[in-house]
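First the structure, in the form of structure tokens, and then the observations on it.
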Amino acid sequence: MRLKNSISILLLFIVIFSTQTQAQLSVDADLRTRFEYRHGFNNLFPDNAEPAAFVAQRSRLNIGYQAEKLKLFVSLQDVSTWGDTRQILPIDGNDSFSLFQAWGQLFVNENLSVKVGRQVISYDDQRIFGGLDWAMQGRFHDAAIIKYKKEGLMADIGGAFSQENQSNEGNDFSIQGFFTYKAMQYGYLKKSWGNSSASLLFLNTGFQKYTGTNNDEPDGVFYRQTAGSYFTLPIKKIKLSGSAYYQFGKADAVTDLSAYQLSLEGTYKSEKVLYGLGVEVLSGTDQAGDDKNKSFFPLYGTNHKFNGFMDYFYVGNHANNVGLNDFYAKMIFTTGKKSNLLLKGHYFMANADLLGDEDKYLGTEIDVVFNQKLMKNVKLNIGYSHMFASESMGILKGRPDDNINNWGWVQLVINPNLFKANFNKGNQ
Numbered sequence: 303m304r305l306k307n308s309i310s311i312l313l314l315f316i317v318i319f320s321t322q323t324q325a326q327l328s329v330d331a332d333l334r335t336r337f338e339y340r341h342g343f344n345n346l347f348p349d350n351a352e353p354a355a356f357v358a359q360r361s362r363l364n365i366g367y368q369a370e371k372l373k374l375f376v377s378l379q380d381v382s383t384w385g386d387t388r389q390i391l392p393i394d395g396n397d398s399f400s401l402f403q404a405w406g407q408l409f410v411n412e413n414l415s416v417k418v419g420r421q422v423i424s425y426d427d428q429r430i431f432g433g434l435d436w437a438m439q440g441r442f443h444d445a446a447i448i449k450y451k452k453e454g455l456m457a458d459i460g461g462a463f464s465q466e467n468q469s470n471e472g473n474d475f476s477i478q479g480f481f482t483y484k485a486m487q488y489g490y491l492k493k494s495w496g497n498s499s500a501s502l503l504f505l506n507t508g509f510q511k512y513t514g515t516n517n518d519e520p521d522g523v524f525y526r527q528t529a530g531s532y533f534t535l536p537i538k539k540i541k542l543s544g545s546a547y548y549q550f551g552k553a554d555a556v557t558d559l560s561a562y563q564l565s566l567e568g569t570y571k572s573e574k575v576l577y578g579l580g581v582e583v584l585s586g587t588d589q590a591g592d593d594k595n596k597s598f599f600p601l602y603g604t605n606h607k608f609n610g611f612m613d614y615f616y617v618g619n620h621a622n623n624v625g626l627n628d629f630y631a632k633m634i635f636t637t638g639k640k641s642n643l644l645l646k647g648h649y650f651m652a653n654a655d656l657l658g659d660e661d662k663y664l665g666t667e668i669d670v671v672f673n674q675k676l677m678k679n680v681k682l683n684i685g686y687s688h689m690f691a692s693e694s695m696g697i698l699k700g701r702p703d704d705n706i707n708n709w710g711w712v713q714l715v716i717n718p719n720l721f722k723a724n725f726n727k728g729n730q
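Residue numbers for the sequence shown, in the working numbering: 303 to 730.
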């Protein structure tokens with residue numbers, strides 16, 4: 303998407319805005335710049351390799367419009383690495399400019415609406431559906447959702463149908479990396495009362511099936527289902543939250559799927575420290591094999607948020623693997639009026655059996671993150687993580703386990719409102 307298209311979209315918003323009797327227009331910026339030093343991030347560090355360092359930047363412009371029975375939202379972004387485009391190049395050489403969101407929401411009444419277009423879908427703790435805001439590009443869905451909300455009750459029914467292009471023949475959909483679906487339908491129900499809540503989710507995702515000599519002929523669709531629940535429950539000063547999900551259907555065109563996820567976390571907040579203990583279990587398949595695929599995968603969530611910030615599990619990896627048992631503890635210290643420090647430790651174990659009866663212990667990760675609000679709409683984040691990998695982790699990842707594996711980063715986030723105006727012709 304080129305700059306002239308962005309200007310056209312902005313002008314369209316202004317035209318629509320000016321023709322309404324009562325409306326609001328808002329323009330926001332989201333600029334985040336992150337330096338990273340990677341020495342074992344996402345995977346064990348190999349022998350005789352140099353660590354990586356770079357600066358990534360997201361430049362996002364959000365345009366929102368709201369009238370009595372209509373909402374529109376467009377989010378334009380450029381995601382790049384400092385230096386990836388040669389100086390004085392007359393074009394965007396890295397093709398980094400894109401449309402992150404573009405949706406319209408029509409309100410039938412105050413409780414019922416329909417939301418259509420490219421949008422973020424996020425529920426509960428973002429384990430199954432999440433916006434993935436840590437990733438510079440974020441996560442979106444091209445979908446339509448019927449939404450109902452009234453007096454603590456929320457119900458969504460959504461669906462999507464994906465194609466690579468506008469063809470006159472056939473429905474082949476070969477874009478399937480990272481569980482990109484050809485078709486998707488889901489239902490979500492949530493009830494809130496006081497500070498407590500409980501939700502139910504059913505998700506059906508369909509993927510293109512291929513047959514033929516070279517496994518290259520489209521032959522229908524196979525489906526994976528995910529069903530489960532999430533809850534939050536405060537008990538005096540302790541807050542409990544947890545989830546349980548089951549996946550079934552097909553792991554691929556020919557393999558049956560039977561997998562589960564369970565989690566439970568308890569937090570306690572004193573005057574200046576929040577304490578937390580938790581466990582998450584994601585089932586896996588024995589390395590020796592099984593008659594079914596038993597590996598759970600949290601499909602479209604903010605997976606960076608879970609199982610350690612170094613992203614060793616379920617962030618573009620660890621699919622159809624031995625699963626994970628993650629035992630963790632955390633403390634968040636209030637270090638000032640506008641700052642805090644997170645300290646979190648994870649103890650990782652394989653859920654299923656490794657070959658040769660190897661020890662299931664995979665390693666321990668320590669995460670430290672400092673957050674400081676510098677001024678209005680500006681904040682600084684500094685993080686460091688260290689992975690103490692076991693021999694079994696080395697076997698699982700196919701890399702040496704005795705190298706230092708650490709990761710450090712510094713991020714500056716600037717997200718001001720640039721423009722906001724209310725328009726009411728009736729009062730003029």
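Positions of the beta carbon are idealized from the N, C-alpha and C atoms, including for glycine.
DSSP three-state assignment for residue i, whether helix, strand or coil
| i | result |
| --- | --- |
| N717 | coil |
| G710 | strand |
| S531 | strand |
| A723 | strand |
| F480 | helix |
| K639 | coil |
| K607 | helix |
| L657 | helix |
| D628 | strand |
| Q730 | The predicted position of Q730 is uncertain, since its pLDDT is 43 and thus under 50; a value taken from the coordinates is nonetheless stated next. Here Q730 sits in coil by DSSP. |
| M689 | strand |
| E519 | strand |
| G647 | strand |
| A355 | strand |
| Y616 | coil |
| F264 | The chain is shown only over 303 to 730; residue 264 falls outside these bounds and no answer can be derived. |
| N622 | coil |
| R526 | strand |
Pairwise C-alpha distance: residue j and residue i
| i | j | result |
| --- | --- | --- |
| D776 | K662 | The requested residue 776 does not occur in the structure, where the chain is confined to residues 303 to 730. |
| T528 | N623 | 18 Å |
| L708 | I684 | Looking at the sequence shown, residue 708 is not Leu but Asn. About 14 Å. |
| N717 | Y649 | 35 Å |
| F480 | G618 | 6 Å |
| I540 | T569 | 6 Å |
| F731 | F402 | Absent from the structure is residue 731, since the part of the chain shown begins at 303 and ends at 730. |
| G522 | I477 | 15 Å |
| V410 | Q465 | 29 Å |
| Q368 | Y547 | 36 Å |
| V575 | N673 | 14 Å |
| A325 | G366 | 11 Å |
| R388 | Y425 | 40 Å |
| F759 | Y339 | What is shown of the chain runs 303 to 730, which leaves residue 759 out entirely. |
| E567 | V581 | 7 Å |
| N679 | L714 | 11 Å |
| F725 | D330 | 18 Å |
| S398 | L657 | 43 Å |
| N364 | G419 | 15 Å |
| E370 | A723 | 15 Å |
| N467 | Q439 | 22 Å |
| N729 | F721 | In this predicted model, N729 has a pLDDT of only 46, less than 50, meaning its place in the structure is not dependable; the value taken from the coordinates is given anyway. The alpha-carbon atoms of N729 and F721 are separated by roughly 21 Å. |
First through last residue of the alpha helix (DSSP H) which encompasses residue i
| i | result |
| --- | --- |
| E693 | 693-699 |
Where the beta strand (DSSP E) containing residue i begins and where it ends
| i | result |
| --- | --- |
| V583 | 575-584 |
| D330 | 324-341 |
| T569 | 558-571 |
| W495 | 485-495 |
| N506 | 498-513 |
| G665 | 663-677 |
| I448 | 443-452 |
| K541 | 540-552 |
| I459 | 455-463 |
When the options are compared against residue i, the one with the closest alpha-carbon
| i | options | result |
| --- | --- | --- |
| S543 | V418, S499, S572 | S499 |
| D380 | A553, K371, G578, D394 | D394 |
| A553 | F629, K571, T587 | T587 |
| S641 | E660, G647, V671 | V671 |
| E667 | L645, N653, G658, I537 | L645 |
| Y630 | G496, G578, Q368 | G578 |
| E453 | A437, W495, D330, D474 | W495 |
| K492 | F343, G514, Y450 | Y450 |
| K484 | P520, G514, L503, Y490 | P520 |
| M486 | D444, S501, K722, T515 | D444 |
| S692 | E660, L720, K722, W711 | E660 |
| M633 | L664, R429, L643 | L643 |
| L535 | L505, S501, N517, G508 | S501 |
Short CB-CB distance (under 8 Å) between residue i and chain B
| i | result |
| --- | --- |
| G419 | Among the chains of the structure shown, chain B does not appear; only one protein chain is present. |
Q: Please specify which runs of the beta strand (DSSP E), each continuous and at least 3 residues long, are wholly inside the stretch 358-424, giving them in chain order.
A: DSSP runs (the beta strand (DSSP E)) wholly in the stretch 358-424: 372-383, 399-409, 414-421.
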